[in-house]
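All letters in the sequence shown, in the order written, are residues -21 to -1, 1 to 189 by mature numbering (1 follows the signal peptide of the UniProt record, and there is no 0).
I have placed the structure first, in the form of structure tokens, so that the comments after it can refer back to it.
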Amino acid sequence: MLRLSLLLILMLLLGSSVEVAKAESGAFDIYSDEQLIKLIRSNQYLQRVKVDECQLVQDIEARAEVLQQPLYQFLWGEMLNHGVCVKAHTARGMAMLQTAAEQGSAEAMLKLADYYYQGKLVVKDRNRSVQYTLPAAAHGDVNARMMLVKLFAEGYGSPQDYEMGYHWLYNSIFDDESQQKKATSLLQQLAVKMPTSIVERAQQQQLYMQ
């Protein structure tokens, strides 16, 4: 706690002088939220920390632990999980991801869902993957919607939620043709598990479930 307090004090006191020092020393700037989201979605966030020669570790830790910024909680948690620039501490790393997820981070929800899907660092539990993916999908994250439909198509989760999951993905806007084709394939796989009338209803722009 003392260390974290000192980090916060340093962040508040140094201010612009830190930026000047970084410019003079050739140090790297901390990532913006937009940059960090792009790094996370392209799965390059840990590689970027390494490329930046681990110079941002204290900044990342402070933003995660003190300022409690969800994207940085995600990044710090993953650094701890994989021992990137810090000693590996998976219990702490997973707890940090959980905290980010509880703050509404779709990225953290999806990463936790993937860990439970793969059985990596935790006992494999794909129904728990559904539990983490559902809220992210409900809030419009397309990758979460794709993972949710994949899980449903594989028989996990409740059949009562299939229609909603199908509807969300069917009515999503995709980043590119590759993502759209993957979504179409997943929807076709889930449709096999649903009555034709329910599939047709789920394809409507507005879903009125009975």
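Beta carbons are placed, not taken as given, at the ideal position from N, Cα and C, and that holds for glycine.
Note that the structure is predicted; figures quoted are calculated from it, not measured.
Check: Since Tyr145 and Val128 should fall inside the 8 angstroms C-beta cutoff, what is the C-beta to C-beta distance between them, to a whole number of angstroms?; Outcome: 7 angstroms
Check: Output the boundary residues of the alpha helix (DSSP H) element that contains Tyr135.; Outcome: From DSSP, Tyr135 is part of no alpha helix (DSSP H); its letter is neither H nor E.
Check: Starting from the C-beta of Arg20, find all residues in its chain whose C-beta is less than 6 angstroms away, skip the five residues before and the five after it, and write them out in chain order.; Outcome: none
Check: Less than 7 angstroms separating the beta-carbons of Tyr135 and Asn106?; Outcome: yes
Check: Classify Phe53 as helix, strand or coil using the three-state DSSP reduction.; Outcome: helix
Check: With a threshold of 6 angstroms on Cβ separation, who are the neighbours of Asn60 within its own chain once the five nearest residues in sequence on each side are excluded?; Outcome: Thr69 and Gly72
Check: Among residues of its own chain, excluding the 5 on either side of Ile177, which ones have a beta-carbon nearer than 7 angstroms to its beta-carbon?; Outcome: Glu142
Check: Taking all protein chains shown into account, do 16 or more other C-beta atoms lie within 10 angstroms of the C-beta of Pro138, making it buried, or fewer, making it exposed?; Outcome: exposed
Check: CB-CB under 7 angstroms to Lys66, same chain, minus the five flanking residues each way: which ones, in chain order?; Outcome: none
Check: Rank Ala115, Asp104, Leu54 and Tyr96 by C-alpha distance to the C-alpha of Met88 and give the top, closest one.; Outcome: Ala115
Check: Taking the alpha-carbon positions, what's the Arg104 to Tyr96 distance?; Outcome: It is Asp, not Arg, that sits at residue 104 in the sequence shown. Each residue's alpha carbon lies about 6 angstroms from the other.
Check: When DSSP labels each residue in this structure, what does Tyr10 get in the three-state scheme?; Outcome: coil
Check: Quick check on Leu130: buried or exposed, where buried means 16 or more other Cβ atoms within 10 Å of its Cβ?; Outcome: buried
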